[in-house]
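Inspection log for the structure reproduced underneath, given as structure tokens.
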Amino acid sequence: MPQRRPSAKTGMNRCLQAPEILQLICSQLPNDRPSDRQRLLAVALSCRALLEPALDRLWLKIPSFRPIMATLPTELWKVDKKGTGTNPWTVLGVRRAIVPTDLDRYMAYYAHRIREVDIGLLKATFSLEVWLGLQMATSWKHGALSPSAQKINWALSGSKQAVLSKEVLDQAFPFFSLFMGPNTSYLSFTFASDTTIHTASVRSAPGIPSRLKELQLIDVAPATLGLSFLTNYLRTTSWNNLEILRIANISADAISHLSALPNVTILEIWSLRDLPRLHVYSDTDWKTPPPHVEEMPNTAFPSLETLNLISGSSESIEAFIQHLPPDNYLHTLQCTVNRVEPSGDAMTSLLASIRLHCDPKSLRKLVLKTGPPLLAFTPIEDLEMQPNEGVNLTPLSVFEELEELSLNFSININLLPADIDFIVESFPLLVKLKVDTNVSDAVVARLDHNHVLRLLYDLPFLKKLGLRFDATQITGEETIPASSIHTRPAPLEKLWVGDSPIYSPEAVIKFLERHCPNLNLNKLETVQLNEEYSHSVPVMVYKRRWMAVRDSTIVDRESP
């Protein structure tokens, strides 16, 4: 007799018997919100085959102490309700001493599954007596409650915890050691350097994990108070395994120690302030580097590849960059100014420092932008204005292997036609170019669709483009420029247009279909406005027309 083929149902049942497939299915289920966790628990209880993989997913990350509370004997707890009717919170005390057997169920079934302790907004915590009891019941072993945890985010400060009192938060702060063990590779503290129990606890942390690779220190105390603590903290150990460091403001004295960290590849510093520049470069220095630049030892920042600096002024950012030796491995430089808008002179000086302290053989990504606080501010323009000649990009000409160039401030960079020629000739490998897409002012764009065509046909790798340009002359019949290097356009996938003026959405759609065949119109971005304007205001008319392009619909002709 011919052998019967197995049914689809039988094949499915066989798949569900494979542990790796069940693990893969459960790994796709969300576990961030309380409702997600309830759903995962239901999956775990639905059948025996799904129990283990669903529990692995459920316990992969714990966002609070409630999972531990739920697994210890209920008769252990003494519940103390706190807070008001609108903001209640709970402190669990004990009716008797905690003994090791109280933790048997938790240790046997759940503790080993935890890979991440990410403390979010708490509405319940343990009393100091409970924390000490847990410590004694686990023989003071580091990481006893989550021995396999690789990531610890310990945010027990008043700035992150709006419900619990400062007293119970401070009492709980030192007990991160119950969760952080030798296998922890990521550690993030949100703390206050003006609180003694916080600084003492954070200072003790580096000795626990043997393979710490990523450290983030979020100090919520006033910036000036945290400087001395951070400077001394960086000197407590050699940090030989550290690869990623994210910290707040740093003093000039600490930079030398920071530069000696042997394996740090990613460095992020925010709230950088009051850092003095080592030099004020002239317009000619970037052409002929001063002797001190060439004499800088190349042992500083030996492994640094990504540098992200956030400051209230471009001067502090420039000051830090001047500590980089010119022969370095920096691949990505991102600078964000979030308080005082840099002037044209400040931008020129910053570009000169980047030219002198970044290696053209290594730098691939350069991002200079304004942060959210400045984007929310619309500057008042003077009645009398002079034509903006833009920012001189010439110091960047040596970075021929640059793949991303992004210059976005709340005032205009105002690219000129000559700048497009410069960009094409200087950066032939550009994948992303984004300039002036965050600005909305009365300055008339100097570029038009012909300059866009130049970029599309002369930058063969361009996938993302952001420009403020005049699109009013587009007819949809434009052909490949005669002077183009290539006959096929760049594989453009995303386009930012800011508040670029536009007359005919239909013509622009034809233009984009012809010259940007890979462009997904759903990814076309217009200017983000922070104020309400009348629909008849030109910028709103332009925005609606660009939205029509994005939605591939044609609107009625309107006069700006």
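Residue numbers for the sequence shown follow the working numbering, so the first one is 964 and each next one is one higher.
Glycine included, every Cβ here is placed at the ideal spot set by N, Cα and C.
In this text the structure is predicted, and so the values were computed from the model without any measurement.
Go ahead and label residue 1444 buried or exposed: buried means 16 or more other beta carbons lie within 10 angstroms of its beta carbon, across all protein chains shown.
-> exposed
Evaluate contact between the segment 1195-1215 and the segment 1247-1263, counting only Cβ atoms and requiring at least three cross-stretch pairs below 8 Å.
-> no
Give me the Cα-Cα distance between residue 1157 and residue 1083, rounded to the nearest whole angstrom.
-> 22 Å
Span separating the alpha-carbon of residue 1062 from that of residue 1193 | 39 Å
In whole angstroms, what separates the C-alpha of residue 1167 from that of residue 1175?
-> 14 Å
Thinking residue 1229 and residue 1269 are a contact (beta carbons under 8 Å), I'd like their distance in whole angstroms, please.
-> 4 Å
From residue 1393 to residue 1446, what does the alpha carbon distance come to, in whole angstroms?
-> 19 Å
How many angstroms separate the CA atom of residue 1219 from the CA atom of residue 1386?
-> 35 Å
With a threshold of 7 Å, establish whether the CB of residue 1034 neighbours any heavy atom of the ligand NAD.
-> Within the structure as shown, the ligand NAD is missing, as the structure has no ligands at all.
Compute the beta-carbon to beta-carbon distance between residue 1362 and residue 1305, rounded to the nearest angstrom, for a pair I have assumed lies under 8 Å.
-> Actually they are not in contact, since the Cβ atoms of residue 1362 and residue 1305 sit about 20 Å apart, beyond 8 Å.
In chain order, which alpha helix (DSSP H) runs of at least 4 residues are fully inside the segment 977-1029?
-> 982-990, 997-1009 and 1011-1021
Within 10 angstroms of the Cβ of residue 1340, are there 16 or more other Cβ atoms? Answer buried if so, exposed if not.
-> Low local confidence applies: a pLDDT of 46 at residue 1340 is under 50, so the model's placement there is unreliable, and no value is given.
Name the DSSP beta bridge partners of residue 1524, please?
-> Here the chain has residues from 964 to 1523 only, and residue 1524 is not among them.
Residue from 1163, 1139 and 1263 whose Cα sits closest to the Cα of residue 1291 = 1263
Grouping DSSP H, G and I as helix and E and B as strand, with all else coil, what is residue 1043?
-> strand
Tell me, please, which residues DSSP counts as bridged to residue 1299.
-> 1273 and 1332
Does the distance from the CB of residue 1430 to the CB of residue 1415 come in under 8 Å?
-> yes
Take residue 1503 as the anchor and find which of 1129, 1221 and 1491 has the nearest alpha-carbon.
-> 1491
Minimum length 4: unbroken alpha helix (DSSP H) runs contained in the segment 1369-1410 | 1380-1389
Roughly how many whole angstroms lie between the Cα atoms of residue 1007 and residue 1025?
-> 17 Å
Would you decide whether residue 1320 is buried or exposed? Buried here means 16 or more other CB atoms lie within 10 Å of its CB.
-> buried
Residues bridged to residue 1580 [DSSP beta-bridge criterion] = Because the chain spans 964 through 1523 in this model, residue 1580 falls outside it and cannot be assessed.
Under three-state DSSP, which class holds residue 1231?
-> strand
Select from 1422, 1499 and 1509 the residue whose C-alpha is nearest the C-alpha of residue 1433.
-> 1509
From which residue to which residue does the alpha helix (DSSP H) around residue 1509 run?
-> 1501-1513
Cβ distance (whole Å) where residue 1314 is taken to contact residue 1358 below 8 Å | 4 Å
Where does residue 1359 fall in DSSP's three states?
-> helix
Mapping DSSP to helix, strand and coil, what is residue 1282?
-> helix
For the alpha helix (DSSP H) containing residue 1312, list its first residue and its last residue.
-> 1307-1320
Would you kindly work out how many angstroms separate the C-alpha atoms of residue 1116 and residue 1139, rounded to a whole number?
-> 9 Å
Can you tell me whether DSSP reads residue 1354 as helix, strand or coil?
-> coil
Measuring CA to CA, which of 1111, 1121, 1438 and 1076 is closest to residue 1149?
-> 1111
C-alpha distance - residue 1318 paired with residue 1238, whole-angstrom precision = 20 Å
Name the DSSP bridge partner or partners of residue 1245?
-> Bridge partners of residue 1245: none, in fact.
Spatially closest choice to residue 1216 from 1286, 1170 and 1153, by CA coordinates | 1286
In angstroms, rounded to a whole number, what distance separates the CA positions of residue 1027 and residue 1089?
-> 11 Å
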